[in-house]
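Input: a single structure, listed below in structure tokens.
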Amino acid sequence: MSFIDLSKNEVQCKVVYYGPGRGGKTTNLLYIHQAMTEAVRGKMVTIDTKGDRTLFFDFLPLALGKIQGLSIKIQLYTVPGQVMYNATRKLVLKGVDGIVFVADSLRVQKEKNVESLENLRQNLAEDNIDIKEIPLVLQYNKRDLGGSNIPILSVEEMEEDLNQELQVPWFTGSALKGDGVFETLREISKRTVKYVSRKLLSR
Amino acid sequence: MQITALSFSEAEESGVGMDLVLSKESIDNIINVLDDDLLRAGADCVILVDRSGNLIVNRGDPANLDVVALAALSAANFGATAEIAKLIGEDDFALLFHKGKNENIHFTKVGKGFILITLFGKDVSLGLIRLNTAKVTDQLIPILGGEQ
Ligand SMILES: Nc1nc2c(ncn2[C@@H]2O[C@H](COP(=O)(O)OP(=O)(O)OP(=O)(O)O)[C@@H](O)[C@H]2O)c(=O)[nH]1
Ligand SMILES: [Mg+2]
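So the protein sequences, as listed, match chains A and B. If you count the first sequence from 1, you need to add 979 to reach the working numbering. If you count the second sequence from 1, you need to add 127 to reach the working numbering.
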């Protein structure tokens, strides 16, 4: 749920990074946090982390400048990807305006990617949100493992598994190295702001 | 008091949830209510957030306080507590209170969609804060567009 404050000409939107456990959601936020200046980003909050697994969520607020006189504030959240934490995922999804789905390129995660996307579709549907309506961008993460001896999925295969029906923008990435992180963020921000302001204008 | 909040019935129909737009008058009204009934009663800081974690208004002296993080964490905390309420057969808890050594924090539900956060020191009574947050809540609901 976006909030528009006309006294400050400011819009606040919520973008959630979703995807299977260990796929690289938290790593995306960590990279954004360390690459952006303090003028742009606020403090990153990571709660209830056990090792590097997210148990509740991560949070990073960004101030992305102005579009047509309107200041854009975007709050990034990650969900816990592990299957058993669905109640927590639903909680973090409350009021979402845009979604980045971080898929894991490891071949062993092929099914987990599909399951997680299906779980997203269901959780959105429970909140009366159609996955085809809400801004959504896919990131095929961990492409840096391409040259290694660890088996990874081809981009074509990931497209077929995840994006055949949705046909949304996608990016290859390596959250660890920072590749594709800002491309993904830029696209979801653009789409989310457009979507929110279209709702505003169609009033 | 004038109702100046707009919410999108169109957005609700398309299943996107309610977006909130507040005019300058509405924001000013909210500020007046918070200042008159909570800051003047001795609260150090008063923050209104929505349940998806957006910061609507903050008043008082939040020096060194990260209000944006506080808004996100409070919304999540409230959401988690609502789930606990369901597990024990309650609908929701209307308020939460945490007592610290020097600073206390009080959370109240405002309608279905908002949370009022009040920070106050040890020399202010909880009873007074409770009384005044109840009063404030009643005044905020119409400004925020009725029962969200
Ligand atoms: N090689 C490689 N490793 C990555 C990449 N992104 C993340 N990782 C590693 O994968 C592991 C899991 O990353 P996280 O960002 O914690 O994953 P997550 O999606 O937040 O996981 P949950 O919190 O359990 O849902 C960490 O050890 C990361 O360093 C990447 O692009 N390449
Ligand atoms: Mg994580």
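Every residue, glycine too, gets a C-beta built ideally from N, C-alpha and C.
Inter-residue Cα distance where the pair is residue i and residue j
i                       : j                       : result
residue 1037 of chain A : residue 1145 of chain A : 26 Å
residue 1009 of chain A : residue 1112 of chain A : 28 Å
residue 151 of chain B  : residue 173 of chain B  : 19 Å
residue 1148 of chain A : residue 224 of chain B  : 44 Å
residue 1103 of chain A : residue 266 of chain B  : 33 Å
residue 1165 of chain A : residue 1116 of chain A : 10 Å
residue 1132 of chain A : residue 995 of chain A  : 24 Å
residue 187 of chain B  : residue 162 of chain B  : 8 Å
residue 1085 of chain A : residue 243 of chain B  : 44 Å
residue 275 of chain B  : residue 238 of chain B  : At residue 275 of chain B the pLDDT is 41, less than 50, meaning the model places this residue with poor confidence and gives no usable figure here.
residue 178 of chain B  : residue 272 of chain B  : 15 Å
residue 1004 of chain A : residue 991 of chain A  : 21 Å
residue 249 of chain B  : residue 231 of chain B  : 7 Å
residue 1064 of chain A : residue 262 of chain B  : 38 Å
residue 1177 of chain A : residue 1114 of chain A : 12 Å
residue 1060 of chain A : residue 1030 of chain A : 14 Å
residue 1139 of chain A : residue 1081 of chain A : 15 Å
residue 213 of chain B  : residue 219 of chain B  : 7 Å
residue 1071 of chain A : residue 207 of chain B  : 10 Å
residue 1044 of chain A : residue 1016 of chain A : 13 Å
residue 1101 of chain A : residue 1092 of chain A : 14 Å
residue 1019 of chain A : residue 1042 of chain A : 5 Å
residue 1026 of chain A : residue 191 of chain B  : 20 Å
residue 1169 of chain A : residue 228 of chain B  : 45 Å
Proximity test, residue i beta-carbon vs ligand 1 heavy atom, cut-off 8 Å
i                       : result
residue 1007 of chain A : yes
residue 1122 of chain A : yes
residue 1001 of chain A : yes
residue 1061 of chain A : yes
residue 243 of chain B  : no
residue 1156 of chain A : yes
residue 219 of chain B  : no
residue 1153 of chain A : yes
residue 248 of chain B  : no
residue 263 of chain B  : no
residue 1081 of chain A : yes
residue 1126 of chain A : no
residue 163 of chain B  : no
residue 1140 of chain A : no
residue 1031 of chain A : yes
residue 998 of chain A  : yes
Pick from the options that is closest to residue i, judged by C-alpha positions
i                       : options                        : result
residue 980 of chain A  : B:181, B:260, B:163            : B:181
residue 984 of chain A  : A:1052, A:1021, A:1159         : A:1052
residue 1110 of chain A : A:1076, A:1020, A:1128         : A:1076
residue 222 of chain B  : B:192, B:216, B:163, B:260     : B:260
residue 1074 of chain A : A:1059, A:1176, A:1107         : A:1107
residue 1011 of chain A : A:1162, A:1179, A:1080, A:1178 : A:1162
residue 1186 of chain A : A:1047, A:1143, A:1101, A:997  : Here chain A comprises residues numbered 980 to 1182, so residue 1186 of chain A is not present and cannot be evaluated.
residue 1069 of chain A : B:228, B:227, B:203            : B:203
residue 1079 of chain A : A:1067, A:1035, A:1043, A:1120 : A:1120
residue 1096 of chain A : A:982, A:988, A:1000           : A:1000
residue 1002 of chain A : A:1105, A:1126, A:1101, A:1062 : A:1062
residue 1050 of chain A : A:1099, A:1098, A:986, A:1101  : A:986
residue 1033 of chain A : A:1041, A:1057, A:1047, A:1022 : A:1057
residue 1141 of chain A : A:1123, A:1170, A:1099         : A:1099
residue 1153 of chain A : A:982, A:1025, A:1007          : A:1007
residue 169 of chain B  : B:253, B:269, B:270, B:264     : B:253
residue 160 of chain B  : B:175, B:146, B:148            : B:175
Coarse secondary structure for residue i, derived from DSSP in three states
i                       : result
residue 1114 of chain A : coil
residue 984 of chain A  : strand
residue 1154 of chain A : coil
residue 255 of chain B  : helix
residue 1032 of chain A : strand
residue 1148 of chain A : coil
residue 226 of chain B  : strand
residue 1093 of chain A : helix
residue 231 of chain B  : strand
residue 1098 of chain A : helix
residue 161 of chain B  : helix
residue 178 of chain B  : coil
residue 1133 of chain A : coil
residue 183 of chain B  : strand
residue 1045 of chain A : strand
residue 1017 of chain A : coil
residue 149 of chain B  : strand
residue 1108 of chain A : coil
Proximal residues of chain E, C-beta to C-beta of residue i below 8 Å
i                      : result
residue 991 of chain A : Here the protein chains are A and B, and chain E is not one of them.
Whose beta carbon lies closer than 6 Å to any heavy atom of ligand 2, going through the chain in order?
A:1004, A:1005, A:1033, A:1057
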